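Data block below; observations after.
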Amino acid sequence: MSLQEQLDHALAGLICASGAPARLVDYPEWTRYSRLLNPDYSPPGSDFIRNRLIPAEARRAVLQMREYVKDKTNISLSFDGLTAGIQPVYTIHVCTPDRHTFLYRADIFYGSHNANYILDFLEAVIKEIGPHRIASVVSDDTATTKKSRREASKKYSWIINLADPIHKFNLCIQDICRDSIWEGSLKQLRKLLTHFKMSSYATGRLNEARKIEGIPRNLQSIGNTRFATIYYAGTSVLDNLPALYRIYRNGEIATKGTPLPSVCIVADALDETTVTALKFRQDLKELVNILEPFARALLSLESTRSNLSDVYFFWLGALAALDHHFKSRNCLLPSEDRARIRRVASKRFNEGINDAPTDAYITAFFLDPRYRNIAIYTTSRTISHAPSHSTLSDPDPSRTSIPQRLNEHVFERIRKQLFVMLKAELEVAEDILEHPLHIHSEDALVAKELLRKQLDQYSWADSRSLPRYLTLDQSPLQYWRSHKQFEHSFILAVNGAYLKKQEKKLPALFRFSDLPDVLRPDRQITMEGTTEIPTALDDECGDEWLDRVPAELGAVGDIDISKESMKCEDIIDFTSEELLALFATYTPTRSAGSETQLAEGTKDPEGTKMEPETPQRVIRRARDIDWD
1 MSLQEQLDHA LAGLICASGA PARLVDYPEW TRYSRLLNPD YSPPGSDFIR
51 NRLIPAEARR AVLQMREYVK DKTNISLSFD GLTAGIQPVY TIHVCTPDRH
101 TFLYRADIFY GSHNANYILD FLEAVIKEIG PHRIASVVSD DTATTKKSRR
151 EASKKYSWII NLADPIHKFN LCIQDICRDS IWEGSLKQLR KLLTHFKMSS
201 YATGRLNEAR KIEGIPRNLQ SIGNTRFATI YYAGTSVLDN LPALYRIYRN
251 GEIATKGTPL PSVCIVADAL DETTVTALKF RQDLKELVNI LEPFARALLS
301 LESTRSNLSD VYFFWLGALA ALDHHFKSRN CLLPSEDRAR IRRVASKRFN
351 EGINDAPTDA YITAFFLDPR YRNIAIYTTS RTISHAPSHS TLSDPDPSRT
401 SIPQRLNEHV FERIRKQLFV MLKAELEVAE DILEHPLHIH SEDALVAKEL
451 LRKQLDQYSW ADSRSLPRYL TLDQSPLQYW RSHKQFEHSF ILAVNGAYLK
501 KQEKKLPALF RFSDLPDVLR PDRQITMEGT TEIPTALDDE CGDEWLDRVP
551 AELGAVGDID ISKESMKCED IIDFTSEELL ALFATYTPTR SAGSETQLAE
601 GTKDPEGTKM EPETPQRVIR RARDIDWD
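Quick note on numbering: the sequence shown equals residues 1 to 628 in the UniProt record's numbering.
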């Protein structure tokens with residue numbers, strides 16, 4: 001681009017980013033400013049910017065966005081409606097696994113935004129992107145959006161149906177604020193904020209008092225659509241109370257003979273010597289303490305760095321913080337009020353987690369290694385998911401602990417959720433060669449049993465042995481993919497590049513002692529902190545026989561064992577058919593009369609030599625097996 005085009009492009013970007021009106025460039029002061037910077041530059045007019053530059057930049061941004069998204073998988077879709085001026089707009093955003101969010105499409109529609117309209121709009125985007133590249137769809141939980149998500153997930157079973165957790169937290173805050181115990185204090189709060197919003201004189205006096213008191217924060221109004229708005233408004237008033245008390249004591253705020261509404265209510269709240277003011281402060285502080293964990297959780301989940309496991313984690317944290325506050329001496333609410341608020345929070349928790357369309361949140365939480373050692377799992381052997389592993393015990397409990405175990409009911413929910421996801425992925429992978437699970441789609445039973453085994457191993461692995469995140473920005477999905485070579489790395493976390501790489505490798509004999517710690521669920525911790533593998537089949541040497549020289553093992557056929565440095569690995573033919581058969585994914589069962597196998601073939605009744613029978617290829621699709 002020429003210098004003129006570069007400057008025009010930069011100017012259009014400035015107008016769009018700042019939200020300034022395009023008519024800014026029509027002012028002579030702007031022309032004079034541009035001439036001083038570059039006498040050869042002729043700034044464009046506002047019409048040129050509106051009709052040419054901004055539409056061209058918008059088209060370029062859309063093309064770049066679609067070019068970026070076209071090769072992405074595990075994409076999340078979110079949709080919502082809004083009103084821009086008098087125009088009703090429905091939007092769909094896409095979020096990529098690397099946490100880039102784009103406005104993919106917006107539709108101006110003056111008709112009814114019912115479930116049929118939303119579903120048609122959503123399905124058009126799904127087909128354009130590619131259904132197999134979409135992992136989830138999320139929205140608020142109104143009747144129309146809920147139905148649209150449900151129908152989309154029903155048609156494309158691998159797309160996870162998610163209700164927006166931010167709205168669930170906000171609804172919980174709203175329900176708590178509707179309780180009758182806050183009616184008087186919230187009325188005073190609204191009148192106080194309205195008074196200072198309408199009176200420039202009162203606002204000026206408050207600003208001066210804030211400087212004296214060293215209060216940086218101003219009052220914050222209550223909005224109709226702002227999340228956790230009462231919490232932020234309440235904290236702003238509590239922060240400003242010293243300044244508010246000052247201007248009231250000094251008579252700098254008019255509370256009589258003024259047209260402003262409800263000045264007597266404002267006066268009652270600011271006269272710190274009265275019982276009414278003390279009760280207002282106490283009630284407002286109590287309400288803020290109750291709402292704070294939910295507001296903080298809501299704010300944290302609004303981050304683009306949050307994921308499904310964080311939703312369950314912050315719900316647990318909010319409920320735990322609420323319970324901690326109710327048990328503290330700072331809480332002055334009677335027991336019946338506490339019980340009522342607990343029921344409100346529990347109801348919203350059940351809606352968001354236990355009664356959600358899927359168990360994706362609790363499953364993601366369990367698979368997130370950051371939360372693997374959270375002490376919320378039961379350790380009772382009588383009610384836990386507890387296969388027999390005698391080697392998990394340790395004579396010194398101070399040095400190691402029994403791995404946290406899930407309640408059997410919760411573990412069953414996780415298992416079913418993973419099986420549902422695996423089944424859906426295998427079904428879509430049947431017809432898509434580039435799908436990461438395509439090679440598993442022909443034998444879904446093997447994939448199912450592999451996942452079952454991996455899940456059981458992970459549930460019993462000691463949390464201290466699990467590798468931590470490689471980087472602070474690494475997501476759980478990236479974590480599992482980076483450790484996919486481990487035995488209990490989940491089949492759902494594989495990608496195509498890894499599978500193609502694995503196909504080129506010959507199977508090789510491995511030793512348990514060569515595996516990383518995460519692969520060894522049956523290990524024992526020594527006094528020095530080192531890891532030892534328990535003996536197998538009463539073999540005191542464990543797998544040390546692999547390192548012995550042949551002389552120690554005795555003669556093997558006619559093999560020359562004169563060289564003591566020769567190891568057992570040197571006498572194993574890793575390409576032999578017998579050894580390769582040990583690593584076959586599936587060996588079909590044979591009848592009793594056909595189990596005899598000879599490496600050199602068999603003979604028919606006439607004595608003619610025959611080649612070994614080639615196993616028949618078994619195809620078991622995901623829809624043909626039992627997933628219960």
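A virtual CB, placed ideally from N, CA and C, is assigned to each residue, including glycine.
The structure presented is a predicted model; accordingly, all values stated were derived computationally and were not measured.
Practice prompt. Would you mind stating whether V137 and A152 have Cβ atoms separated by less than 8 Å?
Written response: yes
Discussion item. At the level of alpha carbons, what is the spacing between I92 and L244?
Written reply: 45 Å
Worksheet entry | Span separating the alpha-carbon of L206 from that of I108 | 44 Å
Worksheet entry | Reference S112, options T145, R329 and D337, closest by Cα | T145
Item to complete: Check the C-beta distance from Y104 over to I126 and give it rounded, since I have them as a contact under 8 Å.
Response: That belief does not hold up - the Cβ atoms of Y104 and I126 are roughly 11 Å apart, past 8 Å.
Discussion item. Beta-carbon within less than 7 Å of V311's beta-carbon, same chain only, minus the 5 sequence neighbours each way: which residues are those?
Written reply: P165, L301 and Y361
Worksheet item: In whole angstroms, what is the alpha-carbon distance linking E292 and W315?
Response: 13 Å
Fill in: Neighbour flag for I353 against chain D, beta carbons, 8 Å
Of the protein chains in this structure there is only one, and it is not chain D.
Discussion item. Tell me the rounded alpha-carbon separation between A10 and D40.
Written reply: 16 Å
Worksheet item: Expressed to the nearest angstrom, what Euclidean distance is found between the alpha-carbon atoms of S148 and A124?
Response: 13 Å
Discussion item. Using the three-state DSSP reduction, which class does I253 fall into: helix, strand or coil?
Written reply: coil
Worksheet item: At which residues does the alpha helix (DSSP H) containing P334 begin and terminate?
Response: Counting along the chain, P334 falls outside any alpha helix (DSSP H), and DSSP gives it neither H nor E.
Worksheet item: According to the neighbour-count rule (16 or more other Cβ atoms, all chains shown, within 10 Å of its Cβ), is S18 buried or exposed?
Response: exposed
Fill in: Host alpha helix (DSSP H) of A424 (start-end)
E408 to A429
Discussion item. Buried or exposed, going by whether 16 or more other CB atoms sit within 10 Å of the CB of G234?
Written reply: buried
Worksheet item: Residue range of the beta strand (DSSP E) that T83 falls in?
Response: I75 to A84
Item to complete: Flag this pair as yes or no: are the beta carbons of A12 and E57 separated by less than 8 Å?
Response: yes
Worksheet item: In terms of DSSP beta bridges, what is L162 paired with?
Response: V138
Item to complete: Report buried or exposed for H198, applying the criterion of at least 16 other Cβ atoms within 10 angstroms of its Cβ.
Response: A small correction: the amino acid at residue 198 is Met; His does not occupy that position in the sequence shown. By the 10 Å Cβ count, M198 comes out exposed.
Fill in: Assigned secondary structure, D624 (DSSP; H/G/I helix, E/B strand, else coil)
helix
Practice prompt. Over the uninterrupted beta strand (DSSP E) stretch that includes Q87, give me the two end residues.
Written response: Q87 to C95
Discussion item. With DSSP as the reference, identify every bridge partner of T101, one or two as the case may be.
Written reply: C95
Worksheet item: Nearest to E183 by CA position, among Q457, N218, K279 and P88, is which residue?
Response: K279
Worksheet item: Which value, in whole angstroms, describes the spacing of the CA atoms of V288 and Y231?
Response: 6 Å
Worksheet item: When you compare each of R52, N51, K416 and S335 to A364 by their alpha carbons, which one comes out closest?
Response: K416
Practice prompt. Provide the residue(s) that pair with I108 in DSSP beta bridges, ordered along the chain.
Written response: V89
Item to complete: Counting only the same chain and skipping the five closest in sequence on each side, list residues whose C-beta sits under 6 Å from that of L333.
Response: none
Practice prompt. Take A22 and list the residues in its own chain whose beta-carbon comes closer than 7 Å to its own, dropping the five residues that flank it on each side.
Written response: I15, S46, I49 and R50
Item to complete: Return the CA-CA distance between D359 and R413, expressed in angstroms with no decimal places.
Response: 7 Å
Practice prompt. Find the nearest neighbour of M65 within the set T142, V94 and P55, judged by alpha-carbon distance.
Written response: V94
Discussion item. Helix, strand or coil, according to DSSP, for D71 in the structure here?
Written reply: coil
Discussion item. Quick check on the DSSP output: the alpha helix (DSSP H) that includes G214 runs from which residue to which?
Written reply: Taken as a continuous stretch (DSSP letters only), G214 belongs to no alpha helix (DSSP H), as it is neither H nor E.
Discussion item. Rounding to the nearest angstrom, what Cα-Cα distance links H325 and R372 in this structure?
Written reply: 26 Å
Discussion item. Taking the alpha carbon of D626 as the reference point, which residue from L477, A447, Y458 and S475 has its own alpha carbon closest?
Written reply: A447
Worksheet item: Can you tell which of V428, E442 and R217 has its C-alpha closest to the C-alpha of I159?
Response: V428
Item to complete: Check whether the Cβ atoms of L418 and L451 sit closer than 8 Å, and answer yes or no.
Response: yes
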